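Asker: Got a structure for you, questions after.
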Amino acid sequence: MKYTSKYWVVIAPFMKGLLTKKYGKTASREYMRKAKHIYRQMLRQAEDIGAKNPMASNIYMSFVFMAIWKAADGAMTPNDMRDMTKELLGKEIIRKVMGRMDLNREKDMNQLKDMLRKNVGWIDAHPQYRDKSWDFNFDETPDNSALTYHFTRCPINDFARAYGYMEILPVMCEMDYLTAALYHAKLYREQTLASGGSMCDYRYVGDRK
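Take the position in the sequence shown, starting the count at 1, then add 239; the result is the number in our numbering.
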């Protein structure tokens, strides 16, 4: 994947603060120094799905957390990272920005559906990345109060299996629930590729439904 510092610059300062609180300044500084190098290495190793692919942000963001976990070299458990991601996404600035979308409103639900279908449109326009990116499979049942789809392929899952990040991968998957909550929604899921399932399934409904 093409390197960009954009996602590192946004996420790393928040994570450094959380690391400092838990592990102290010296350890935090060292983890972040190592993680920055690991992040670049991960992107060099990752399958190229197209830097302008709308779904590429999932790789760029997840790799920040995964690189920091790797840099801690066993000092950070998956539960430690789980707690930090919850605290990070619970910050007021994050809630204000992401909380503008409310999936209890039909127009917002339709906006999210349109956005995801545009992601599919990008892949259709760039077929060289079709077998490397996420494959969207939508439930076409007309239901304006829910969004249902699944993936049978996830580049982050493929990367984690190839390069030894399976221990931390479930925490990345669980962030979908945190994101859903920010959108004033509930996520219903039966399986993930990370857990050995045949797919990652998603069903979002407003949290007041």
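Think of the CB as a built atom: it goes at the ideal place given N, C-alpha and C, for glycine as much as any other residue. Treat the numbers as computed from the prediction; the structure is a model and nothing was measured.
Between the C-alpha atoms of residue 247 and residue 376, what's the straight-line distance to the nearest angstrom?
Answerer: For the purposes of this step, residue 247 is taken as residue 8 along the sequence shown, with counting starting at 1. For the purposes of this step, residue 376 is taken as residue 137 along the sequence shown, with counting starting at 1. About 30 Å.
Asker: Got a sec, what are the start and stop residues for the alpha helix (DSSP H) residue 322 sits in?
Answerer: Numbered from its first residue, the sequence shown carries residue 322 at position 83. Run containing residue 322: 317–328, per the alpha helix (DSSP H) assignment.
Asker: Under the three-state reduction of DSSP, which class applies to residue 432: helix, strand or coil?
Answerer: Along the sequence shown, read from residue 1 onward, the residue named residue 432 stands at position 193. Coil.
Asker: Report all residues from its chain with a CB closer than 6 Å to the CB of residue 416; omit the five preceding and five following residues, and keep chain order.
Answerer: Here residue 416 refers to the residue found at position 177 when the sequence shown is read from its first residue. The answer, listed in chain order, is 426.
Asker: From residue 341 to residue 331, what distance separates their C-alpha atoms?
Answerer: Numbered from its first residue, the sequence shown carries residue 341 at position 102. Numbered from its first residue, the sequence shown carries residue 331 at position 92. Answer to the nearest angstrom: the Cα atoms are 16 Å apart.
Asker: For residue 251, I'd like the list of residues in its chain whose CB is within less than 7 Å of its CB, leaving aside the five on either flank, ordered along the chain.
Answerer: Here residue 251 corresponds to residue number 12 of the sequence shown, with the count starting at 1. Once the five neighbours on either side are set aside, the close Cβ partners of residue 251 are 271 and 303.
Asker: The alpha helix (DSSP H) spanning residue 243 covers which residue range?
Answerer: Taking the sequence shown and counting its residues from 1, the one referred to as residue 243 is at position 4. Here residue 243 belongs to no alpha helix (DSSP H), and DSSP marks it neither H nor E.
Asker: Check residue 393 in the structure and name its three-state DSSP category.
Answerer: What you label residue 393 is simply residue 154 of the sequence shown in a count that begins at 1. Coil.
Asker: Rounded to whole angstroms, what is the Cα-Cα separation between residue 279 and residue 299?
Answerer: Position 40 of the sequence shown, counted from the start, is the residue given in the question as residue 279. Position 60 of the sequence shown, counted from the start, is the residue given in the question as residue 299. Those two C-alpha atoms are separated by around 10 Å.
Asker: Excluding the 5 residues flanking residue 408 on each side, which residues of the same chain have their C-beta closer than 6 Å to its C-beta?
Answerer: Residue mapping note: residue 408 aligns to position 169 of the sequence shown, counting from 1. Same-chain partners within the cutoff: 399 and 433.
Asker: With distances taken Cα to Cα, identify the nearest neighbour of residue 261 among 447, 337 and 315.
Answerer: As a first step, residue 261 is located in the sequence shown; it is residue number 22 there, counting from the start. That would be 315, whose Cα lies nearest to the Cα of residue 261.
Asker: Looking at the strands, I want to know which residues DSSP matches up with residue 416.
Answerer: Here residue 416 is taken as the residue at index 177 of the sequence shown, counted from 1. DSSP, once it has assigned bridges, lists no residue as partnering residue 416.
Asker: Below 8 Å on the Cβ atoms is my guess for residue 402 versus residue 337; work out the distance and round it to an integer in Å.
Answerer: Walking along the sequence shown from the start, residue 402 turns up at place 163. Walking along the sequence shown from the start, residue 337 turns up at place 98. So it is not a contact: roughly 29 Å between Cβ atoms.
Asker: Let me confirm a value: residue 249 is counted as buried when at least 16 other C-beta atoms fall within 10 Å, else exposed. Which label applies?
Answerer: The residue given as residue 249 occupies position 10 in the sequence shown. Exposed, because fewer than 16 other Cβ atoms sit within 10 Å of the Cβ of residue 249.
Asker: With distances taken from CA atoms, which of 244, 240, 241 and 444 is nearest residue 348?
Answerer: To locate residue 348, count along the sequence shown from 1; it is residue 109. Per the Cα distances, 444.
Asker: Looking only at DSSP bridge pairs, what is residue 299 linked to?
Answerer: Here residue 299 refers to the residue found at position 60 of the sequence shown. Paired residues: none, contrary to the question.
Asker: Since residue 281 and residue 411 are thought to touch, with beta carbons under 8 Å apart, how far apart are those beta carbons, to the nearest angstrom?
Answerer: Mapped onto the sequence shown, residue 281 falls at position 42. Mapped onto the sequence shown, residue 411 falls at position 172. Contact flag wrong, Cβ pair sits at about 13 Å.
Asker: For residue 446, which residues from the same chain have a beta carbon less than 6 Å from its beta carbon, with the 5 sequence-adjacent residues on both sides left out?
Answerer: Working through the sequence shown from its first residue, we reach residue 446 at position 207. Closer than 6 Å at Cβ, skipping near neighbours: 423, 424 and 425.
Asker: In terms of residue numbering, what span does the beta strand (DSSP E) encompassing residue 445 cover?
Answerer: Looking up residue 445 in the sequence shown gives position 206. Per DSSP, residue 445 belongs to the beta strand (DSSP E) from 439–445.
Asker: Give the single residue among 266, 448, 369 and 438 whose Cα lies nearest to the Cα of residue 311.
Answerer: Residue mapping note: residue 311 aligns to position 72 of the sequence shown, counting from 1. Ranking the options by Cα distance to residue 311, first place goes to 266.
Asker: Can you look up residue 422 in the DSSP assignment and give me helix, strand or coil?
Answerer: Translated into the one-based positions of the sequence shown, residue 422 becomes position 183. Of the three classes helix, strand and coil, the one that applies to residue 422 here is coil, per DSSP.
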